[in-house]
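Visitor: Residue numbering for the sequence shown follows my numbering, beginning at 37 and increasing consecutively.
Note that the Cβ used here is the ideal one computed from N, Cα and C, for glycine as well.
Predicted, not measured: the structure shown is a model, and the values here were computed from it.
After the structure tokens below, expect a handful of questions from me.
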Amino acid sequence: MNKKLVVGTSAAVICILVVAIAFICLDYFKKTETGATIYISPQTVRGAIGQHITINISISNVADLYGWQVKLEWNPQVLNFNSVTEGSFLKNHGQTFFSQKFSETGSLVLDCTLIGDVQGISGSGTLATVEFYVKEEGTSQLRLSETFLVDSSENLIPHTVKNGQFTT
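Next up, the structure:
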């Protein structure tokens, strides 16, 4: 009798663990599929020496975005930073503050926030547009790091990042 009780209890515990793990995995994949993503668009860019190329730093599937920060890094031997403009995603919905900090070593830190007591923006769109001059033949990663998304209650918004690449 004792042996049957142990086997039955063990089977029940294993079933409960399997069901719990299944729910955890479902929740993880649901968040991964529907969560916010910051990405370079287009993800693969080609250009020739002497050309200007343009990329967008975009966002998809975000809810209640009030402010953001990204650091874009590239190979300064291949690409020269030319200009950056604020995208329309936040700007079209209220007054914003947009700042940029460029480094000769191949990085650009961008910050943008809505101003005032307003609701954040949900959806997908362009955060910024960056233009480069192709100065040398080669390849450069277009890497996003130090990315932050903040909602209207000043909470961090979880997100994923998709980098890009430039090739001559």
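Which whole-angstrom value is the C-beta distance of VAL114 and GLY174, which I expect to be below 8 Å?
Guide: 4 Å between Cβ atoms; contact.
Visitor: Tell me whether the segment 145-163 and the segment 93-109 touch, counting them as touching only if at least three CB pairs, one residue from each stretch, are closer than 8 Å.
Guide: Yes: the two stretches touch, three or more of their Cβ pairs being nearer than 8 Å.
Visitor: Does the Cβ-Cβ distance between ASP100 and SER188 come in under 8 Å?
Guide: Yes, they are a contact pair.
Visitor: For the segment 91-100 and the segment 127-137, state whether three or more C-beta atom pairs, one from each stretch, are separated by less than 8 Å.
Guide: The segment 91-100 vs the segment 127-137: no contact.
Visitor: So, helix, strand or coil for SER124, using DSSP?
Guide: If DSSP states are grouped into helix, strand and coil, SER124 belongs with the helices.
Visitor: Starting from the C-beta of LYS171, find all residues in its chain whose C-beta is less than 6 Å away, skip the five residues before and the five after it, and write them out in chain order.
Guide: Closer than 6 Å at the Cβ level, and outside the excluded window around LYS171, lie ASN116.
Visitor: For LYS67, which residues from the same chain have a beta carbon less than 8 Å from its beta carbon, with the 5 sequence-adjacent residues on both sides left out?
Guide: Note that LYS67 scores 44 on pLDDT, short of 50, meaning its location in the model is unreliable; the coordinates nonetheless yield the value given after this. Closer than 8 Å at Cβ, skipping near neighbours: PRO194.
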